[in-house]
Amino acid sequence: METTNQRRMGTAPVFFTAISTILGAILFLRFGWATGTLGFWGVMLIILIGHMVTLPTALSISEIATNKRVEGGGEYFIISRSFGLNIGATIGMALYLSQAISVAFYVIAFTEAFAPLFEWAKQTHGLDLPRQVVSIPAMALLSLLILKKGAGLGVKMLYYVVAILAISLVMFFLGKTEYAAATDYSIFNQSIRNGNMFFMVFAICFPAFTGMTAGVGLSGDLKKPGVSIPLGTTLGTLVGMIIYVFISWKLAASASPEDLINDQLIMSKIALGGSIIIPLGLAASTISSALGSVMVAPRTLQALAKDQSLPIGVLNHSMEKGKGETNEPFNASLLTIIIAFVFVAMGNVDAVAEVISMFFMITYGSLNLISFLNHFAANPSYRPSFRSRWWFSLIGFVLSIYMMFRINSIYAIVAIVLMVLLYFIVAQQHKDRKGMVALFRGVIFQINRRLHLYLQ
Numbered sequence: 017m018e019t020t021n022q023r024r025m026g027t028a029p030v031f032f033t034a035i036s037t038i039l040g041a042i043l044f045l046r047f048g049w050a051t052g053t054l055g056f057w058g059v060m061l062i063i064l065i066g067h068m069v070t071l072p073t074a075l076s077i078s079e080i081a082t083n084k085r086v087e088g089g090g091e092y093f094i095i096s097r098s099f100g101l102n103i104g105a106t107i108g109m110a111l112y113l114s115q116a117i118s119v120a121f122y123v124i125a126f127t128e129a130f131a132p133l134f135e136w137a138k139q140t141h142g143l144d145l146p147r148q149v150v151s152i153p154a155m156a157l158l159s160l161l162i163l164k165k166g167a168g169l170g171v172k173m174l175y176y177v178v179a180i181l182a183i184s185l186v187m188f189f190l191g192k193t194e195y196a197a198a199t200d201y202s203i204f205n206q207s208i209r210n211g212n213m214f215f216m217v218f219a220i221c222f223p224a225f226t227g228m229t230a231g232v233g234l235s236g237d238l239k240k241p242g243v244s245i246p247l248g249t250t251l252g253t254l255v256g257m258i259i260y261v262f263i264s265w266k267l268a269a270s271a272s273p274e275d276l277i278n279d280q281l282i283m284s285k286i287a288l289g290g291s292i293i294i295p296l297g298l299a300a301s302t303i304s305s306a307l308g309s310v311m312v313a314p315r316t317l318q319a320l321a322k323d324q325s326l327p328i329g330v331l332n333h334s335m336e337k338g339k340g341e342t343n344e345p346f347n348a349s350l351l352t353i354i355i356a357f358v359f360v361a362m363g364n365v366d367a368v369a370e371v372i373s374m375f376f377m378i379t380y381g382s383l384n385l386i387s388f389l390n391h392f393a394a395n396p397s398y399r400p401s402f403r404s405r406w407w408f409s410l411i412g413f414v415l416s417i418y419m420m421f422r423i424n425s426i427y428a429i430v431a432i433v434l435m436v437l438l439y440f441i442v443a444q445q446h447k448d449r450k451g452m453v454a455l456f457r458g459v460i461f462q463i464n465r466r467l468h469l470y471l472q
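Under the numbering used here, the residues of the sequence shown are numbered 17 to 472, in order.
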């Protein structure tokens, strides 16, 4: 039985976890490059398509969260309790991997805040240092803090991080450049450039929009998850989208396409006091995003293990164990940290971003498909107090699959085959659980009913 102490958080941590993850590494490191490469309207198209995937997902999660009482495990718990443990386990494992790899992505991005230091070492001492000299110790320190202090530390730090993030963005918008003064910039005179690079740029930028459900992973710590999750998640998604639109406009109006492409810390040249505030904002946002992911991923894994949903029995027994009165997922955190360390060693932001994009696309696509089917099947037990629309979920699913194939068709086929294979493995191990059969039975019944009514 959970105590009040265990479920002590309100809506604010959900919103702040989401917004601090959304406004993270890609914002500071790659959005200038994306704007320079594709132009203002090209980036607007990326923001639009990206949110046509993430917004239906956020609404689906919010809807499902109000259908039943939400406990620990965030998105996994919500999905599995509404659509069945077998479906939930399949999506949950893909979700966990995307969250765990995200930790590495943010830690690698954190090292870019030290780019001036790396440049100084190279010019002054002839030392061409690899980024891992910062990323590996940073990952080690982050791991130590999470294993020792748990989620409480992460939530306390979030408020400071969001404050730094807000200050750095205000200073960015207050900044003026010679280019802006000398150029009569208008968005209506712009066109999309380098259209052949659109999907490559999209793959690198898409992780920027995936933080909207980061706060859902704190569901086990929320006083009223049925209220906090829909409000915090939807608000975080919409606020993040608006901020990205204005940042794209400011970037395009303040620097030439060449400077935007060649200088990954171009925001520091535009912002007021940018040489200090932008690296500080980058460091704060990436560490907060890493904290958010490293808090959420182990809770997803722990919830999977509690349901005995992992394919290996020993893993279930080990990963479900928690520590202390708040049941901190110590073992699950340890495994998450090991996975993150492997990807930190890669040291390439763009390569890891593409991997994350594929994992999130398959996760969001699956979630939107199941949400659509559940709407269509008209399951009488599915009665959420917050309702989305079936066609919105369908748009999210179709776009997820389409973008996966446009980004990398081979990876897309492999990802889909693995998801289907994983589902059949889980279904074979747990034949007594509700699965796709029950869901499709409802869908077929509704198709037959509508055909019958149409033919009458």
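Quick reminder that beta carbons are idealized off the backbone N, C-alpha and C, glycines included.
The structure displayed is predicted, hence computed values, not measured ones.
Residues near residue i by beta carbon distance below 8 angstroms, same chain, minus five either side
{"i": "Ile386", "result": "Ile95, Phe99, Ile103, Ile107, Leu455"}
{"i": "Tyr195", "result": "Ser270, Ala271, Ser272, Asp275"}
{"i": "Val358", "result": "Ala120"}
Residue of the options minimising C-alpha distance to residue i
{"i": "Ala182", "options": "Gln445, Leu296, Phe421, Leu471", "result": "Leu296"}
{"i": "Leu101", "options": "Gln462, Leu471, Arg449, Ile463", "result": "Arg449"}
{"i": "Thr70", "options": "Phe359, Ile62, Met228", "result": "Met228"}
{"i": "Asp366", "options": "Ser78, Ser291, Glu128", "result": "Glu128"}
{"i": "Gly413", "options": "Tyr398, Phe130, Leu434, Phe388", "result": "Before going further, note that residue 413 is Phe rather than Gly in the sequence given. If we check each option's Cα against that of Phe413, Phe388 comes out closest."}
{"i": "Val243", "options": "His67, Ser78, Ser373", "result": "Ser78"}
{"i": "Ala361", "options": "Gly340, Val119, Trp136, Leu383", "result": "Val119"}
{"i": "Val150", "options": "Leu161, Asn212, Leu133", "result": "Leu133"}
{"i": "Leu158", "options": "Tyr427, Val177, Ile203, Ile353", "result": "Ile353"}
{"i": "Trp49", "options": "Leu238, Ile294, Asn278", "result": "Asn278"}
{"i": "Gly256", "options": "Thr37, Gln139, Leu45", "result": "Thr37"}
{"i": "Tyr260", "options": "Leu43, Thr27, Gln139, Thr140", "result": "Leu43"}
{"i": "Met283", "options": "Ala154, Glu336, Ala156, Leu185", "result": "Leu185"}
{"i": "Ala81", "options": "Met155, Arg403, Arg465", "result": "Arg403"}
{"i": "Tyr380", "options": "Leu351, Ser416, Gln206", "result": "Ser416"}
{"i": "Lys285", "options": "Pro153, Thr140, Met155, Met187", "result": "Met187"}
{"i": "Ala125", "options": "Leu145, Gly363, Pro246, Leu434", "result": "Gly363"}
Three-state secondary structure assigned by DSSP to residue i
{"i": "Glu4", "result": "There is simply no residue 4 to check, as the chain begins at 17 and stops at 472 in what is shown."}
{"i": "Leu75", "result": "helix"}
{"i": "Met25", "result": "strand"}
{"i": "Leu238", "result": "strand"}
{"i": "Tyr398", "result": "coil"}
{"i": "Ala361", "result": "coil"}
{"i": "Arg97", "result": "helix"}
{"i": "Lys447", "result": "coil"}
{"i": "Arg457", "result": "helix"}
{"i": "Leu39", "result": "coil"}
{"i": "Pro327", "result": "coil"}
{"i": "Thr20", "result": "Residue confidence is low: Thr20 scores 45 on pLDDT, short of 50, so the model does not pin down where it sits. No coordinate-derived value is stated."}
{"i": "Glu336", "result": "coil"}
{"i": "Ser82", "result": "For the sequence presented, residue 82 should be read as Thr rather than Ser. The answer is coil: DSSP assigns Thr82 none of H, G, I, E or B."}
{"i": "Asn210", "result": "coil"}
{"i": "Arg465", "result": "helix"}
{"i": "Arg46", "result": "coil"}
{"i": "Phe32", "result": "helix"}
Contacts around residue i, its chain only, beta-carbon distance under 7 angstroms, and the 5 residues preceding and following it disregarded
{"i": "Phe31", "result": "Gly231, Gly248, Leu251, Gly252"}
{"i": "Phe214", "result": "Leu54, Gly58"}
{"i": "Asn83", "result": "Ser98, Tyr398, Arg399, Pro400"}
{"i": "Gln462", "result": "Phe392, Ala393, Ala394"}
{"i": "Phe130", "result": "Val150"}
Short Cβ contact (9 angstroms threshold) for residue i with residue j
{"i": "Ile326", "j": "Ala105", "result": "First, the residue type needs correcting, since residue 326 is Leu and not Ile in the sequence shown. Yes, Cβ-Cβ distance for Leu326 and Ala105 is below 9 angstroms."}
{"i": "Phe440", "j": "Leu163", "result": "no"}
{"i": "Ile432", "j": "Met419", "result": "no"}
{"i": "Ile208", "j": "Gly66", "result": "no"}
{"i": "Gly114", "j": "Thr226", "result": "Before going further, note that residue 114 is Ser rather than Gly in the sequence given. Cβ distance < 9 angstroms, so Ser114 and Thr226 count as in contact."}
{"i": "Ile263", "j": "Phe47", "result": "yes"}
{"i": "Leu39", "j": "Ser301", "result": "yes"}
{"i": "Leu64", "j": "Ser409", "result": "no"}
{"i": "Ile460", "j": "Ile117", "result": "no"}
{"i": "Ala224", "j": "Ala41", "result": "yes"}
{"i": "Phe189", "j": "Lys266", "result": "yes"}
{"i": "Ala299", "j": "Gly191", "result": "no"}
{"i": "Phe222", "j": "Ile62", "result": "yes"}
{"i": "Leu174", "j": "Gly290", "result": "no"}
{"i": "Ala268", "j": "Thr51", "result": "yes"}
{"i": "Asn384", "j": "Thr73", "result": "yes"}
{"i": "Ala219", "j": "Glu370", "result": "yes"}
{"i": "Ile35", "j": "Val217", "result": "no"}
Residues of its chain near residue i, where Cβ-Cβ distance is below 6 angstroms and the 5 sequence neighbours each way are ignored
{"i": "Val310", "result": "Val119, Ile162"}
{"i": "Arg422", "result": "Phe215"}
{"i": "Thr19", "result": "Because the pLDDT of Thr19 is 47, which lies under 50, any placement of that residue in the model is unreliable, and the number read from its coordinates should be weighed accordingly. Same-chain partners within the cutoff: there are none."}
is_contact[residue i, chain C] using C-beta, thresh 9 angstroms
{"i": "Gln115", "result": "Absent from the structure: chain C. Only one protein chain is present."}
Secondary structure, alpha helix (DSSP H): runs of 4+ residues fully inside the region 172 to 207: 194 to 198
Residue ranges of each alpha helix (DSSP H) within the region 251 to 309, 4 or longer: 273 to 278, 282 to 286
Contiguous beta strand (DSSP E) assignments of at least 3 residues, all confined to the region 103 to 146: none
Those runs of the alpha helix (DSSP H) which lie wholly inside the region 376 to 434 and span at least 4 residues: 406 to 423
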